Each structure stands twice: as C-alpha cells, then as structure tokens.
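Quick mapping for you: the protein sequence lines, in order, are chains A and B. Each residue of the first sequence is one higher than the one before, starting from 1 at the first, in the numbering used here. Each residue of the second sequence is one higher than the one before, starting from 1001 at the first, in the numbering used here.
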Amino acid sequence: MARTPVRKTYKLYLGGAFPRSESGRTYAVTDASGAFMANAACASRKDLRDAVVAAGKARVGWAGATPYNRGQVLYRIAEMVEARRAEFIDLIKRESGAGAREAGAETDQVVDRLVHYAGWTDKLASVMGHANAVSGPYFCYSAPEPTGVVGVLAPESLLGLVSCVAPVLAGGNTCVVVTPQACSTITFAEALATSDVPGGVVNLLTGDLAELSPHLAAHRDVNALDLTGADPELRTELGRSAAETVKRVYIPRHEPDFTAAPGMARLRAFLEVKTVWHPTGAVSLAGNGGY
Amino acid sequence: MDLDYAPAPESAAIGRIADRYLPFIDGEFVEGNGADLESLNPATGQPLTTVSTVSTEDIDVAVASARRAQTRVWSPMSGPERGKYLFRIARLIAERSRELAVVETLDNGKPIKETRDFDVPTAAQHFFHHAGWADKLQHLGLGPDPQPLGVAGQVIPWNFPLLMAAWKIAPALAAGNTVVIKPAETTSVSILVLAEILAEADLPPGVVNIVPGAGDIGAALVSHDGLDKVAFTGSTQVGKSIQSALAGTGRHLTLELGGKGANVVFDDAAVDQAIEGIVNGIFFNQGQVCCAGSRLLVQESIADEFVARLKDRVETLRVGDPMDKNTDVGAINSQTQYARIGSLVDAGREEGAQVWTTSCPLPEQGWFIPPTILEGASPTMRIAREEIFGPVLTVMTFRTPDEALAKANNTPYGLSAGVWTDKGSKAMAMASKLHAGVVWDNTFNRFDPTAPFGGYRESGFGREGGRTGMAAYLEPDEEA
C-alpha cells in the first residue's frame, strides 16, 4: 500500500519564527496548471506591522555585525539552498511550469546570486566610500551605511526574490518582503532560518500585494521600498504614499533580467553615504624645523 | 571708556545693483511674462531692485532651450571642453568675488564677512572642483561610459543663493546635463549676476536657464514633462510634495531638505573649542542653515557651567548691519521668516522653556533677531522637534552616551550632527551611530565640494559634492 505523504504547511516567516497569520486567513496556492498545491497563510495588516517591528528590532544588530560576518551568513544561505537543490527544483517546476533543466538553472542562479552578494559586504565601503581632499586641516571621509528597514515587493520568481533581497541584506539592511508566491518563498525562508540569519532580519509575508503594500509604503518605520514586484499603477500609488515619509524608492529602470549579472544599482539604492569630519589640528610631528 | 569697534561698512556701490534684473533663457536676458517682484534688502526692509519673473510659458521655452542645448551641443561636447567652460566660470566668479559678496549681502541680509569669506569663494571652488570631473566620468565607479540624465530642473533656497546655485549647476553641467534653475523668490539677484558670468564665459545658449519666480513657478518647473531630473533644496514639506508629484514619472529626483541637527557636548570636551563650534553651528548665517546645530545636547555634569560660558560668548556677538565687516549676525532674510522664528520662540516660551537673548542692541529697521537660547527644553516641545531656521538654540541635557544618541536621533530628520569630546574612540563611535548624512567631530558647519553632503530619512536623499555627488546627475552603465 502506498504511503500517504506528509504535506508541508506554508506559514509566514516573521521575526525568525514561522507563525500563521494572526488573521487566520489562508489562500489556495495553485501550480502552473491550476492544480492545488497548498493553503498558504494570507498575511494581514497586523502581520505586516509585526514584521516591521521585527525588522526594526533586528536592524541595529545586523547593521552592526562585521561585514565579514554578514558575508559569511549570506554565504551560508547559499549553502543551505544548494543543499535543498532538489526541493527547490521541484517547487520551481510546479510553480512556474518550467522544465527540469530550466528549474535547475534557476536554482543554481539563486545560489550563485547569494554567493555574489556574500562577497560584496566587505567591499562596499572601499568601492562606494572615499577620502575627501578638503581644503582645510580636516580628515574627512565618506562611507556607505545601511538605509534601515526596506520593504520589498518581490517579483514572482524565486530568483527574482533572492535578487531583490540579497543586496538589501548585503548592505546591512533588514527587510519585510511581500510576495504572493508562497511555496518556494517559504521554503527559502527555511533556508534562511537555518543559515544564522538573525531573526527579524528577513521577514517574508505571503499574501495579497495590493492589500498589504499600501501599509508598507505608508509605515513610518520603513525607510525604503523596492517596488520591483509591483505593476506600474501600483508603483505610482505607492510612490506617492512613500513621499509622506521621504522613503527611498527603488524601481528598476528597465524590466529586470535576473539571469544577467547584477550591477550595483540595487546595492546603491539602499545605502546612505555618511560624511565625517575630524580636525587634524596643527601638531608638528617634525618639530619646528620641518623635515 | 567705549572699546567697541568703529563701524567698518563695505561700500554698497561695489555691488553695482541694477534697477532691474531679467530672466536668463537660451543665452539671453529676456523680459519674463510673470509679474515683477520687488527684492528687498532685509537689513532695511527697503526695496533693493526689481526682478522680472517668468510665466509657465517661459518655463516651456527654457526647458525646450535646455533640451536643444543638451542634445545638440553640451552632451556631444567632449569632457575636456565642457570642463574648460566650468573652469572659466570658476575663475570669473573669483574675479568678481567682491562684487558678488556685496550683492549677496544686500539681497540676502547675511554678514559681508560670510559672503566674502565663505559663500562666494566656496561657489567658485564648486565650479573648479566639478570642472575637473567633466573628463573623468569613467572614474566615478559608474561604469566606463556613464551618461548624462538630460535636462535638470533645479529649485534652490534663499539661505545660500549663489552657493546653492553653484552646488546645483556645477555637477549637472560637468556630467553633461543642461539646467533650468529657479532661485528663491527673495534672493534672485546673485544668480542673475552669475548669469552675466555665464554669458561672459561664452557658455553655449540654453545650457543654463535661470527662471525667477515664486513657489508656483517652482511647482510648475519641477512637474514639467520635459525634464529628466529634478533637484530640490528647501523645506521637507515642499520636498514631500515634489516626491509625490514625481511618483510614477520615472524622472530622477534628489532632495536636500530640512534638519534639526544635534550638537552633542560630552563632559570631556575642550570647552572653549566646543563653545566656538556651538556658536558657529547655530548663529552662522543667522541659523538659516538646513544643517544648523539647532539642538545642543550637553552632558548634565557640565551643563550649568557650559551654558553660562556659552552665554558669555554669545554676548560678544555683534548683531547689526550686514555690510559692516565686524558684524557677526546679520538680518533674517524675509519678513515671513522673521515672523516664523518669532512664533516658534513664543511656542517654546508657552511650552515652558526659558528664553534667553543677548543684550546686543538691534538696528531699528530691518529684520533682526538677537541670538536666542532656549533652556529647559524637553524633546517633545515644538522647539526641540521643528526646524526653526533662525538664530535660536534649544538646549537639552543627557547623562550617558546612549541617552545622547537616543535624543540626537529622536527626530524624523537626519542631516547633520556634531560631537564634542577629547576621546577619539567616543567621537568615532558616536559618528557611526548618529543618523545623519554629515557628522562633524570637534568642528561644525564645514563644507567642501569634495565632501558629499545630504541627508538621511526626511532630510532627503541624494548627495551633493565629490564622487558620490556626481552620481546624482548620471545614469550608470547597465552593468555598473
């Protein structure tokens, strides 16, 4: 007799835990052919606010972690996705209707994208920062710092989601991600949860973009938005709402090709450049006579 | 025996103020189709000159001119050639610096020693610095061939009229963009003298268009369909409305908005040095500075003595005729701003803060406000939260570095902050934790074209100055 398989319950990923929606709502996720896959948690406005609180609490620790440490954590995510390669391929095939080769290629790109950003964390300051040759007796430098809490409206593919989230994390930000794509997203959350990513650094909410995103755009403790996954009309509406708190809003200039090598635009979008001045005084180390 | 300084007024004649100034569009000074406005001398409240303003139709003409110049002349021009125009402008500003300083002081009300020693030379330096970027765009870290954005619409404030013009125009031009720029309603004169300089430099027509007008013209400019980029410096309130209006247009935007900068003084600070920094931080340009150190956070253990010594120092500031070379604090730029500062000080008094002002006599005419210190303030008071934009310092105390950080960061703004301590590690730690785009350790209000300037959070986004500032006017290569 065939064994009855144990199905997975897809819940939210919030503050490092996997809760159901406080609303008790779920929605049916279907595969590419329209067949039932799972009942996913349908996040509510309250879940979103909880997620912003979790991301806010996590930001000091994550931004304060050494870049080397952040890089290792990102690399660890890649290891965990690689270890679950077969599972992701299976999910991508079912969700998108892709063939095995295509789904395999996307999974590999997800891993490679994470490795790419793992290598960015300790180079941002030297690539984006600079010493400033000011005309006065000052030591002056500029260096990037994370913007803070980023709200991400993720595109549907797993590669798209990871391509949005990884640069946010590499810069030292925390995030609240909203996506309708539950199965591969929450499986990715399981990889995050086993990767030494501190709880709250990434929060993944499955549900309705149109319902949740206005609250994300208006939230005072969200510092930036990545609107990659929103359609043009929603982008405009959310952009207007984001203006009330002067959020940084990232919208790709062109339809993104996530299979292409990523530039720095997504990194730059969520980094602030801080300039620091110190007087150098007039101490003569060489004595009065000079050299 | 009276040991006060004898008056040392600069000659107003050096400014060669004309009876009437005209918009500068497509390389010509043309009559605008808007109503004339009278520019007043804030030190007297009397008319200084008349400025012809533009209509929305004039803006269409200016934008079209900028577009033609961008596609046909300025963008195709090689970097070294573009750069030479900017070098030329820098030189011409320096040559006419004394005249420009007088013009700025007469029109803005700030002391001549500031326009002479800061505004005008720094404006020249901005052109000189950015001139050198024009042929080095491939070294900015934006790919081998970053492209100009196109036509930039720029709106600048009244607190540093010429300098803000330089901050906006120089990087835009170096990157190969052309510009339509609107000065503030109360301070159009120095930028129109700059227009004479642009003409003297033979800058091709349409590369820079200057469109004087009031807020409605600014709103019409920033929402103009013919622009590729909008750059605004001004209030957070207006910045938000611009960001909202541009949502969904795909146009590039940078905002340099308000601030409520904290100046944090620890008990181990060099007190005399710190006091000079606090005074500079809030009374420079009558406190009409977006990055002013308008909140003094002083460690409780030294607060009484520190504030007493601060008052002694402030007592020595000379408030008065901005044209006098000995004047430290000049006139507030406009009646409107004068009234706003007064109403916020009143609000502070009503909410329970103690108001102290210097005893320096004020001129009988013009808009003068004595340097003011508000003590006993709490973080919830309006004077601790809202940008006053005047010579008004709000004093609060703290006990621990963590409390200082919490209070300093307790604002939606994030433009500037100062830290005063003799301990290097403490200064560095504070600098890294303060939410501010510019942090001054043991100094304040330092500016340089090589040093990026701009805000966190509701103080705006984008930077001006240096390599980072150039990115605000360029589209990186796809892969960069």
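Every residue, glycine too, gets a C-beta built ideally from N, C-alpha and C. Bear in mind the structure is a predicted one, so any value in this text is a computation, not a measurement.
Would you verify that the beta carbon of R1467(B) is, or is not, closer than 8 angstroms to some beta carbon of chain A?
Walking along the second sequence from the start, residue 1467(B) turns up at place 467. Yes, because at least one Cβ of chain A sits closer than 8 angstroms to the Cβ of R1467(B).
Measuring CA to CA, which of A54(A), A58(A), R45(A) and E79(A) is closest to L192(A)?
In the first sequence, the residue the question calls residue 192(A) occupies position 192. Relative to the Cα of L192(A), the nearest Cα in the group A54(A), A58(A), R45(A) and E79(A) belongs to E79(A).
When you compare only the Cα positions, how much space is there between E1364(B) and G1342(B)?
Start at 1 with the first residue of the second sequence, and residue 1364(B) comes out as number 364. Start at 1 with the first residue of the second sequence, and residue 1342(B) comes out as number 342. CA-CA distance, E1364(B) to G1342(B), rounds to 17 angstroms.
Since G1143(B) and E1479(B) are thought to touch, with beta carbons under 8 angstroms apart, how far apart are those beta carbons, to the nearest angstrom?
In the second sequence, counting from the first residue as 1, residue 1143(B) sits at position 143. In the second sequence, counting from the first residue as 1, residue 1479(B) sits at position 479. At roughly 7 angstroms, the Cβ-Cβ gap stays under 8 angstroms, so G1143(B) and E1479(B) are in contact.
Segment contact, 8 angstroms Cβ cut-off, at least three pairs: the region 1195-1213 of chain B with the region 1058-1076 of chain B:
Yes, the region 1195-1213 of chain B is in contact with the region 1058-1076 of chain B.
Nearest CA to the CA of D1225(B): which residue from D1441(B), I1059(B) and G1414(B)?
Mapped onto the second sequence, residue 1225(B) falls at position 225. Ranking D1441(B), I1059(B) and G1414(B) by CA distance to the CA of D1225(B) puts I1059(B) first.
Comparing C-alpha positions only, which one of I1156(B), K1168(B), E1196(B) and T1233(B) sits nearest to P1212(B)?
In the second sequence, residue 1212(B) corresponds to position 212, counting from 1. The alpha carbon of P1212(B) has as its nearest neighbour, out of I1156(B), K1168(B), E1196(B) and T1233(B), the alpha carbon of I1156(B).
Output, in sequence order along the chain, the residues in the region 1255-1288 of chain B whose CB is closer than 8 angstroms to any CB in chain A.
Residues of the region 1255-1288 of chain B whose Cβ lies closer than 8 angstroms to any Cβ of chain A, in chain order: L1255 and L1257.
So who's on the other strand from N203(A), going by DSSP bridges?
Mapped onto the first sequence, residue 203(A) falls at position 203. Beta-bridge pairing links N203(A) to V176(A).
Distance between beta carbons of E1256(B) and L1092(B), contact taken as under 8 angstroms
Position 92 of the second sequence, counted from the start, is the residue given in the question as residue 1092(B). Position 256 of the second sequence, counted from the start, is the residue given in the question as residue 1256(B). Contact between L1092(B) and E1256(B) is ruled out by a C-beta separation of about 26 angstroms, above the 8 angstroms threshold.
Residues that N1209(B) bridges to, as DSSP identifies them
Position 209 of the second sequence, counting from 1, holds the residue named residue 1209(B). The partner list for N1209(B) (beta bridge, DSSP) reads V1180(B).
So who's on the other strand from G1153(B), going by DSSP bridges?
Taking the first residue of the second sequence as position 1, residue 1153(B) is located at position 153. Its beta-bridge partners are V1180(B) and V1230(B).
Looking at chain A, is there any beta carbon in it that lies within less than 8 angstroms of the beta carbon of Q1237(B)?
The residue you call residue 1237(B) lines up with position 237 of the second sequence. For Q1237(B), no CB of chain A lies under 8 angstroms from its own CB, so it is not counted at the interface with that chain.
Whole angstroms are fine: how far does the CA of E156(A) sit from the CA of E1057(B)?
To locate residue 1057(B), count along the second sequence from 1; it is residue 57. To locate residue 156(A), count along the first sequence from 1; it is residue 156. Their backbone Cα atoms lie some 45 angstroms apart in a straight line.
CB A1436(B) to CB A1417(B), shorter than 8 angstroms?
Here residue 1436(B) refers to the residue found at position 436 of the second sequence. Here residue 1417(B) refers to the residue found at position 417 of the second sequence. By the CB criterion at 8 angstroms, A1436(B) and A1417(B) fall inside the cutoff.
Can you give, in chain order, each stretch of the alpha helix (DSSP H) that sits fully within the region 205-284 of chain A and has at least 4 residues?
Runs of the alpha helix (DSSP H) spanning 4 or more residues and lying entirely within the region 205-284 of chain A occur at 209-218, 232-243 and 265-269, in chain order.
Any Cβ of chain A within less than 8 angstroms of the Cβ of V1354(B)?
For the purposes of this step, residue 1354(B) is taken as the residue at position 354 of the second sequence. The sequence as given places Gln at residue 1354(B); Val does not occur at that position. Not closer than 8 angstroms to any Cβ of chain A, the Cβ of Q1354(B) fails to qualify, so no.
Compute the distance between the beta-carbons of V1054(B) and G1032(B), then report whether it is under 8 angstroms.
Mapped onto the second sequence, residue 1054(B) falls at position 54. Mapped onto the second sequence, residue 1032(B) falls at position 32. Yes.
Since F1453(B) sits in a beta bridge, which residues does DSSP pair it with?
Locating residue 1453(B) in the second sequence gives position 453, counting from the first residue. Per DSSP, E1464(B).
Of the residues W1158(B), W1167(B), V1179(B) and I1197(B), the one placed nearest E1185(B), counting alpha carbons only
In the second sequence, counting from the first residue as 1, residue 1185(B) sits at position 185. Ranking the options by Cα distance to E1185(B), first place goes to W1158(B).
In terms of DSSP beta bridges, what is P144(A) paired with?
Position 144 of the first sequence, counted from the first residue, corresponds to residue 144(A). According to DSSP, which records beta bridges pairwise, P144(A) is partnered with V273(A).
Could you say which of P67(A), H219(A), A63(A) and N132(A) lies nearest to K1433(B) if we only look at CA atoms?
Residue numbering aside, residue 1433(B) sits at position 433 when the second sequence is read from its first letter. Per the Cα distances, A63(A).
Within 10 angstroms of its Cβ, does K11(A) collect 16 or more other Cβ (buried), or is it exposed?
Here residue 11(A) refers to the residue found at position 11 of the first sequence. By the 10 Å Cβ count, K11(A) comes out buried.
Please list the terminal residues of the continuous alpha helix (DSSP H) segment that includes Y13(A).
For the purposes of this step, residue 13(A) is identified with residue 13 of the first sequence, where counting begins at 1. For Y13(A), there is no enclosing alpha helix (DSSP H), as DSSP marks it with neither H nor E.
Beta-ladder partner(s) of P1047(B), from DSSP
Translated into positions along the second sequence, residue 1047(B) becomes position 47. Paired residues: L1040(B).
Less than 7 angstroms between C-beta atoms, sequence neighbours within five positions excluded: which residues of the same chain meet that for H215(A)?
Here residue 215(A) is taken as the residue at index 215 of the first sequence, counted from 1. Closer than 7 angstroms at the Cβ level, and outside the excluded window around H215(A), lie R45 and L48.
Please report the distance separating the alpha-carbon of M1381(B) from that of T245(A).
Within the second sequence, the letter at position 381 stands for residue 1381(B). Within the first sequence, the letter at position 245 stands for residue 245(A). If you draw a straight line from the Cα of M1381(B) to the Cα of T245(A), it comes to about 21 angstroms.
Segment limits, beta strand (DSSP E) that includes S1416(B):
Reading the second sequence from its first residue, position 416 is the one you call residue 1416(B). Segment S1416 to W1420, the beta strand (DSSP E) holding S1416(B).
Assess contact between the region 1234-1253 of chain B and the region 1163-1178 of chain B, defined as three or more Cβ pairs (one per stretch) separated by less than 8 angstroms. Is contact present?
No contact exists between the region 1234-1253 of chain B and the region 1163-1178 of chain B.
Does D1119(B) get closer than 8 angstroms to chain A when you measure Cβ to Cβ?
Residue 1119(B) sits at position 119 when you count from the first residue of the second sequence. Chain A contact via Cβ: absent.
8 angstroms Cβ shell around A1018(B) - same chain, five flanking residues per side excluded:
To locate residue 1018(B), count along the second sequence from 1; it is residue 18. Only T1049 meet the Cβ criterion.
Would you please state the rounded distance, in angstroms, between the beta carbons of V1265(B) and L1297(B)? I believe it to be under 8 angstroms.
Residue numbering aside, residue 1265(B) sits at position 265 when the second sequence is read from its first letter. Residue numbering aside, residue 1297(B) sits at position 297 when the second sequence is read from its first letter. Confirmed, about 7 angstroms.
Excluding five sequence neighbours on each side, which residues of the same chain lie with their C-beta closer than 6 angstroms to the C-beta of G1235(B)?
Position 235 of the second sequence holds residue 1235(B). Residue 1235(B) is actually Ser in this sequence, not Gly. Counting only Cβ-Cβ distances below 6 angstroms, and skipping sequence neighbours, we find G1258.
Along the region 239-250 of chain A, what residues have a CB closer than 9 angstroms to any CB found in chain B?
Listed by position along the chain: G239, R240, S241, A242, A243, E244, T245, V246, K247, R248 and V249.
Is the distance from the Cβ of V1439(B) to the Cβ of A1451(B) below 8 angstroms?
By 1-based counting over the second sequence, the position of residue 1439(B) is 439. By 1-based counting over the second sequence, the position of residue 1451(B) is 451. Taking 8 angstroms as the Cβ cut-off, V1439(B) and A1451(B) do not qualify as a contacting pair.
Please decide whether G229(A) counts as near chain B, where near means a Cβ-Cβ distance under 8 angstroms.
Position 229 of the first sequence holds residue 229(A). Chain B contact via Cβ: absent.
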